[in-house]
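*Asks:* Oh and the sequence shown: position 162 is 162 in full-length UniProt numbering, straight run, nothing missing.
The beta-carbon is built from N, C-alpha and C at its ideal position, and this holds for glycine as well.
Quantities reported herein were computed from a predicted structural model and do not represent experimental measurements.
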Amino acid sequence: MSLPAACDVLVVGSGNAGFAAALSASQSGAKRILLIDKCPESWAGGNSYFTAGAYRTVHHGLNDLLPIVNNVDAELAGKIDLDPYTEKDFSDDMHRICGGRSNPELSTALIKDSNSAIKWLAQNGVRFQLSFNRQAYEVNGRFKFWGGLHLKTQDGGKGLIEDYLQMARRQKIALSFNTALTGLSVEANGRVNATVHRDRKEHTIKAGAVILAAGGFEASPRLRCQYLGPGWDMALVRGTPFNTGDCLEIAMRDVSALAAGNWSGCHSVAWDANADPNTGDRLASNEYTKSGYPLGVMINTQGKRFVDEGVDLRNYTYAIFGRAILAQPESVAFQVWDSRTSPWLRTEEYREERVERITANTIEELADKCAQRGLRNRESFISTLREYNEAVYAHRQEHPTATWNPAIKDGLSTQSSTKKLALAKSNWALPIDQGPFLAVKVSCGVTFTFGGLSVNPETAQLKSAVTREGIPGVYCIGEMLGGLFYSNYPGGSGLTSGAVFGRRAGKAAAQWAARSSLQTGQLAKL
Numbered sequence: 001m002s003l004p005a006a007c008d009v010l011v012v013g014s015g016n017a018g019f020a021a022a023l024s025a026s027q028s029g030a031k032r033i034l035l036i037d038k039c040p041e042s043w044a045g046g047n048s049y050f051t052a053g054a055y056r057t058v059h060h061g062l063n064d065l066l067p068i069v070n071n072v073d074a075e076l077a078g079k080i081d082l083d084p085y086t087e088k089d090f091s092d093d094m095h096r097i098c099g100g101r102s103n104p105e106l107s108t109a110l111i112k113d114s115n116s117a118i119k120w121l122a123q124n125g126v127r128f129q130l131s132f133n134r135q136a137y138e139v140n141g142r143f144k145f146w147g148g149l150h151l152k153t154q155d156g157g158k159g160l161i162e163d164y165l166q167m168a169r170r171q172k173i174a175l176s177f178n179t180a181l182t183g184l185s186v187e188a189n190g191r192v193n194a195t196v197h198r199d200r201k202e203h204t205i206k207a208g209a210v211i212l213a214a215g216g217f218e219a220s221p222r223l224r225c226q227y228l229g230p231g232w233d234m235a236l237v238r239g240t241p242f243n244t245g246d247c248l249e250i251a252m253r254d255v256s257a258l259a260a261g262n263w264s265g266c267h268s269v270a271w272d273a274n275a276d277p278n279t280g281d282r283l284a285s286n287e288y289t290k291s292g293y294p295l296g297v298m299i300n301t302q303g304k305r306f307v308d309e310g311v312d313l314r315n316y317t318y319a320i321f322g323r324a325i326l327a328q329p330e331s332v333a334f335q336v337w338d339s340r341t342s343p344w345l346r347t348e349e350y351r352e353e354r355v356e357r358i359t360a361n362t363i364e365e366l367a368d369k370c371a372q373r374g375l376r377n378r379e380s381f382i383s384t385l386r387e388y389n390e391a392v393y394a395h396r397q398e399h400p401t402a403t404w405n406p407a408i409k410d411g412l413s414t415q416s417s418t419k420k421l422a423l424a425k426s427n428w429a430l431p432i433d434q435g436p437f438l439a440v441k442v443s444c445g446v447t448f449t450f451g452g453l454s455v456n457p458e459t460a461q462l463k464s465a466v467t468r469e470g471i472p473g474v475y476c477i478g479e480m481l482g483g484l485f486y487s488n489y490p491g492g493s494g495l496t497s498g499a500v501f502g503r504r505a506g507k508a509a510a511q512w513a514a515r516s517s518l519q520t521g522q523l524a525k526l
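What follows is the structure in structure tokens.
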């Protein structure tokens, strides 16, 4: 398509937040909506494509979710244990996981709108499912859901973007790929001039409103080192290679956007150490995540554990343990299990076709094989596992009736009156002494950055660093929105944020575009 000279609403970014905003703008009366992205069409979806498609939402229990999911029949529903996830639950998780630093207005908006936003997406064609493979364990014939994160999209991020693309066609939203935003200016009448680059040419698009949804700076080694700190150029890019922070810098440079949030913080996970360091894989996608560490232990190249693998449910630790791995010697570690728990690992992450599985019949043999792949201290590796096992058995002797349950914080630990490790494993601590053994080498995969821009929580209108007031006609959502997450985040709340604030921004942008168009028409008659 040829680029239009004008549009009602211009959306920059083709991920979850951008598509949600475009849908909302269309439903709020905007007729000419253009969504652009600097990536090729084959890379549509931004980081959303690489997610597991998990949305965290307030809900009233199983019966509240059944109407919007497509993978549960009546018989299966009778075997599911799924507790309500209340506004208080979500609020407590945000406060705890983000260290009390999350902007309370943004956090409240996210929580209160989460249920209605998810149902709105479902009404518009996003296919949701209960997340059996990631958020439930089958215990005694019943599916026990855990961690407050129960919904995902069919086929994960791939399915989500497929659904959004179909929605865009139905809503007649124009899409232009290989189209990069390079400049912004706001006219006195409130309309926004966007300079874009496509086909080696610059074009100016006069927009009633612009919505920025172009992601963070996680794919830029330079900006990672500048903001996250030394060594972050060594992190592996988990998702799109096109999120290089361009639009953040353009907004601050051209319209004096106010920076906000945790610029030294990011979402980073345990990631296959053999993955491409510079880009995610469109085929493997989220399968390079290695999130089975609560079932075992993680050991660095010096043969030492460095995190409490059982300190909390995986939903609340996976986004920070990538940073912990990056801080280890050579920025790698080994995840280790024995035959008790390796069958519980998710197939999509740990099957032989997806990851190099290091197997052995004894701990000593496992240490030898890990040494061929970067382990520097074989003896320390062996002694760490032996000491860990001794501590586990000591705890078991004091608590003989305790039961291992991966769906709750079960209290099975390494800490007892007779034996305490300097670094505990607080839950799910089973011995690792029953062969065959399994290890996988992991590194740090960076997902998205937490630093962004300040917005009005009601409309997602961008704020000015000069006036601290809203910038006319410019809105900011998704990973570009700053102030919501600090140090960590409750799993699945990123996609929910994109939907909640995307819906708000789309509605506000459509209303502003209609107002500015009316004002422009009135001025033309004078």
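For residue 54 and residue 175, I'd like the C-alpha separation in whole angstroms.
*Replies:* Distance between the alpha carbons of residue 54 and residue 175 is about 25 Å.
*Asks:* Which residues mark the beginning and the end of the alpha helix (DSSP H) in which residue 399 is found?
*Replies:* First-last for residue 399: undefined, no H or E at that position.
*Asks:* Can you look up residue 173 in the DSSP assignment and give me helix, strand or coil?
*Replies:* Coil, per DSSP.
*Asks:* Could you tell me whether the Cβ atoms of residue 36 and residue 9 are closer together than 8 Å?
*Replies:* No, these two residues do not count as a Cβ contact at 8 Å.
*Asks:* Consult DSSP for residue 419 and reduce its assignment to one of helix, strand or coil.
*Replies:* Coil at residue 419, not helix or strand.
*Asks:* Hey, out of 132, 106, 113 and 103, whose CA is closest to residue 70's CA?
*Replies:* Comparing Cα-Cα distances from residue 70 to each of 132, 106, 113 and 103, the minimum goes to 132.
*Asks:* For residue 466, does the count of other Cβ atoms within 10 angstroms reach 16, so buried, or fall short, so exposed?
*Replies:* Residue 466 comes out exposed.
*Asks:* What are the complete alpha helix (DSSP H) segments, minimum 4 residues, inside the stretch 105-138?
*Replies:* Whole alpha helix (DSSP H) segments, 4+ residues: 132-135.
*Asks:* Thinking residue 111 and residue 151 are a contact (beta carbons under 8 Å), I'd like their distance in whole angstroms, please.
*Replies:* Going by Cβ atoms, the distance from residue 111 to residue 151 rounds to 15 Å, so no, they are not a contact pair.
*Asks:* Measure how close the beta-carbons of residue 480 and residue 74 come, nearest whole angstrom, since I'm counting them as under 8 Å.
*Replies:* With a Cβ gap of about 43 Å, residue 480 and residue 74 do not count as contacting.
*Asks:* Note down, in chain order, each residue of its chain lying with its Cβ closer than 6 Å to the Cβ of residue 421, except the 5 sequence neighbours on either side.
*Replies:* Only 391 and 414 meet the Cβ criterion.
*Asks:* Whose CA, out of 83, 76, 50 and 49, lies closest to the CA of residue 64?
*Replies:* Here the closest residue by C-alpha is 83.
*Asks:* When DSSP labels each residue in this structure, what does residue 278 get in the three-state scheme?
*Replies:* In this structure, residue 278 counts as coil in the three-state DSSP scheme.
*Asks:* Within 10 angstroms of its Cβ, does residue 76 collect 16 or more other Cβ (buried), or is it exposed?
*Replies:* Exposed is the call here.
*Asks:* Which stretch, first to last residue, makes up the alpha helix (DSSP H) that contains residue 441?
*Replies:* Note, residue 441: premise wrong, no alpha helix (DSSP H); beta strand (DSSP E) at 437-449.
*Asks:* With H, G and I counted as helix, E and B as strand and the rest as coil, what does DSSP make of residue 268?
*Replies:* Strand, per DSSP.
*Asks:* Closer than 7 Å by C-beta to residue 126: which residues in its own chain qualify, once you throw out the five before and the five after it? Chain order, please.
*Replies:* Answer for residue 126: 153, 160 and 163, listed in chain order.
*Asks:* Tell me, please, whether the stretch 445-452 touches the stretch 426-436 by the rule of three or more beta-carbon pairs shorter than 8 Å.
*Replies:* Flag = no, the stretch 445-452 and the stretch 426-436 do not touch.
*Asks:* Using the beta-carbon count (16 or more within 10 Å), is residue 509 buried or exposed?
*Replies:* When all chains shown are included, residue 509 counts as buried.
*Asks:* Quick check: residue 533 and residue 272, are their CB atoms within less than 8 Å of each other?
*Replies:* Residue 533 is absent from the model: the chain starts at 1 and stops at 526.
*Asks:* Nearest to residue 116 by CA position, among 45, 246, 516 and 501, is which residue?
*Replies:* Comparing Cα positions, the closest option is 501.
*Asks:* Under the assumption that residue 173 contacts residue 22 (Cβ atoms under 8 Å), give the Cβ distance between them as a whole number of angstroms.
*Replies:* The Cβ separation is near 5 Å, so the contact holds.
*Asks:* Can at least three beta-carbon pairs, one atom from the stretch 292-299 and one from the stretch 307-316, be found at a separation below 8 Å?
*Replies:* Yes, they touch.
*Asks:* With burial defined as no fewer than 16 other Cβ atoms inside 10 Å of the residue's Cβ, what is the status of residue 92: buried or exposed?
*Replies:* It counts as exposed.
*Asks:* Taking C-beta to C-beta, are residue 180 and residue 88 nearer than 8 Å?
*Replies:* Result no, Cβ atoms of residue 180 and residue 88 do not sit closer than 8 Å.
*Asks:* Which value, in whole angstroms, describes the spacing of the CA atoms of residue 444 and residue 507?
*Replies:* Cα to Cα, the separation comes out at about 38 Å.
*Asks:* Pull the bridge partners of residue 203 from the DSSP assignment, please.
*Replies:* DSSP output for residue 203 lists 196 as bridge partner(s).
*Asks:* Using DSSP's beta-bridge definition, name the partner residues of residue 337.
*Replies:* Its beta-bridge partners are 438.
*Asks:* Please report how far the alpha carbon of residue 397 lies from the alpha carbon of residue 326, in whole angstroms.
*Replies:* For residue 397 and residue 326, the distance between alpha carbons rounds to 36 Å.
*Asks:* Report the CB separation of residue 44 from residue 165 in whole angstroms; it is logged as a contact under 8 Å.
*Replies:* About 7 Å; that satisfies the 8 Å criterion.
*Asks:* I'd like the span of the beta strand (DSSP E) that includes residue 322, first residue to last.
*Replies:* Taken as a continuous stretch (DSSP letters only), residue 322 belongs to no beta strand (DSSP E), being part of the alpha helix (DSSP H) at 318-326.
*Asks:* Do the CB positions of residue 98 and residue 487 come within less than 8 Å of each other?
*Replies:* In contact: residue 98 and residue 487 (Cβ atoms closer than 8 Å).
*Asks:* What's the C-alpha gap between residue 194 and residue 185?
*Replies:* Rounded to whole angstroms, residue 194 to residue 185 spans 7 Å at the Cα level.
*Asks:* Given a cut-off of 8 Å, decide if residue 192 and residue 207 are closer than it, judged by their beta-carbon atoms.
*Replies:* Yes, the pair counts as a contact, with Cβ atoms nearer than the cut-off.
*Asks:* Could you spell out where the alpha helix (DSSP H) holding residue 90 opens and where it closes?
*Replies:* Here the alpha helix (DSSP H) through residue 90 covers 87-97.
*Asks:* In or out: residue 287 buried (at least 16 other Cβ within 10 Å) or exposed?
*Replies:* Per the 10 Å Cβ criterion, buried.
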